[in-house]
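First the structure, in the form of structure tokens, and then the observations on it.
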Ligand code: UFG
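Residue numbers (this note's numbering): 127 to 465.
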């Protein structure tokens, strides 16, 4: 059972490759290494005892993408992670984001059609809900106008997929991630942002290890219990396991429609200060932080209603916020001790 994982050397991709291999799938990774390191392949091999096949090229390249699929027409499915994902950068460089995220998806869809590969799992985001009117947010919640070009690429991608399914043999599952954090328990793979991290937990762990002076907490005047913004943080290994479940659902023909959407969250909302407190507890040290003004484009609070995913997929996130922070901290320490 061969699966293509695009973006398989990235953060969520690498954790998913590990889970796939541990469940007996053969994995082929395509990645252009624009935001990841080739050494991740070695780490995956160390964890699983199996080396995934790896090809380095850019899926925006139509000819290379078609050529890849013509050589791998025995694929049982594709999990498409490869995309740019920095919200702020997408505001600065909208066309770079639209070209990269949309053209690569369209190339993959065309190649899947011509090589008769049927099953696509697509990396989507809770960003499509914006600030939901009702919490927790279910898959039935309306799509709100995107706050950023990045968010818009996720909305448009879901639409491109749905339109494509209407006139082809393809089936697709869109997984809408809430906030993935944490790292594999081996501390051999984890999140590795280039430059200054945008996201909360990498910024916390980099501050704790001494790479950053201080964490800025963006706003304490939100309408939430402690005034800081609330998110649904989910352990990346829980998230990765949901992809394996989704792939099996497609291969075993258990889908109810040829396009399905699932929220991947825990159902729990935690504030920025609660994340910091949990980190301080598991790391056994205080974190240097200060409250600053809100960050443009942030929503106040969002957490998932995961009941549809729990019931339909038979999947449920298992790991607590403390476990997420502990694994992120273990990874940061292990990585920095070697680099
Ligand atoms: N935060 C800080 N300080 C930081 C970084 C983040 O206080 O240095 C706060 C943010 O303001 C937010 C929370 O921590 O309240 C989480 O921020 P992240 O940047 O970690 O995550 P976001 O919720 O902003 O972003 C995530 C994904 C995006 C996706 C977005 C949709 O990373 O890909 O959810 O809301 F678009």
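Backbone N, C-alpha and C fix where the C-beta goes; we use that ideal spot for every residue, glycine too. A quick note: this is a predicted structure, and the numbers were derived from the prediction, not measured.
Beta-carbon gap between residue i and residue j smaller than 7 Å
i           : j           : result
residue 373 : residue 203 : yes
residue 174 : residue 147 : yes
residue 390 : residue 365 : yes
residue 455 : residue 333 : no
residue 186 : residue 229 : yes
residue 467 : residue 361 : It is not possible to answer for residue 467, since the shown part of the chain is limited to 127 through 465.
residue 269 : residue 247 : no
residue 274 : residue 343 : no
residue 341 : residue 415 : yes
beta-carbon residue i near the ligand UFG non-hydrogen atom, thresh 6 Å
i           : result
residue 251 : yes
residue 375 : no
residue 325 : yes
residue 389 : no
residue 190 : no
residue 421 : yes
residue 452 : no
residue 219 : no
residue 344 : yes
residue 339 : no
residue 362 : no
residue 211 : yes
residue 352 : no
residue 302 : no
residue 329 : yes
residue 414 : no
residue 347 : no
residue 305 : yes
residue 398 : yes
residue 358 : no
Cα-Cα separation, residue i to residue j
i           : j           : result
residue 133 : residue 155 : 7 Å
residue 463 : residue 378 : 43 Å
residue 388 : residue 264 : 9 Å
residue 465 : residue 459 : 10 Å
residue 266 : residue 167 : 38 Å
residue 193 : residue 386 : 29 Å
residue 235 : residue 279 : 15 Å
residue 205 : residue 243 : 12 Å
residue 371 : residue 439 : 7 Å
residue 413 : residue 140 : 29 Å
residue 375 : residue 381 : 6 Å
residue 300 : residue 352 : 33 Å
residue 172 : residue 199 : 28 Å
residue 207 : residue 310 : 18 Å
residue 233 : residue 303 : 23 Å
residue 138 : residue 347 : 32 Å
residue 384 : residue 321 : 40 Å
residue 402 : residue 281 : 31 Å
Residue i versus the options, residue with shortest Cα-Cα distance
i           : options               : result
residue 305 : 413, 394 and 331      : 394
residue 429 : 163, 256, 330 and 384 : 256
residue 404 : 313, 452 and 311      : 452
residue 251 : 445, 277, 457 and 339 : 277
residue 176 : 190, 143, 200 and 371 : 143
residue 226 : 197, 184, 260 and 348 : 184
residue 410 : 283, 335 and 312      : 335
residue 209 : 195, 224 and 198      : 224
residue 432 : 444, 282 and 136      : 444
residue 369 : 346, 319, 352 and 441 : 441
residue 396 : 189, 262, 231 and 151 : 262
residue 152 : 237, 345, 288 and 128 : 128
Bounding residues of the alpha helix (DSSP H) (the contiguous stretch that carries residue i)
i           : result
residue 288 : 275-292
residue 344 : Element bounds for residue 344: not the alpha helix (DSSP H) but the beta strand (DSSP E), 341-344.
residue 389 : It is not in any alpha helix (DSSP H) - residue 389 instead sits in the beta strand (DSSP E) that spans 385-390.
Boundaries of the beta strand (DSSP E) in which residue i is found, first to last residue
i           : result
residue 302 : 297-303
residue 160 : Per DSSP, residue 160 belongs to no beta strand (DSSP E) and is neither H nor E.
residue 132 : 128-132
residue 245 : 245-251
Below-7 Å beta-carbon distance, residue i vs any chain D residue
i           : result
residue 137 : The structure shown contains no chain D; it holds only a single protein chain.
Proximity test, residue i beta-carbon vs the ligand HEM heavy atom, cut-off 6 Å
i           : result
residue 195 : Absence of the ligand HEM is noted for the structure shown, with the ligand UFG being the only ligands found.
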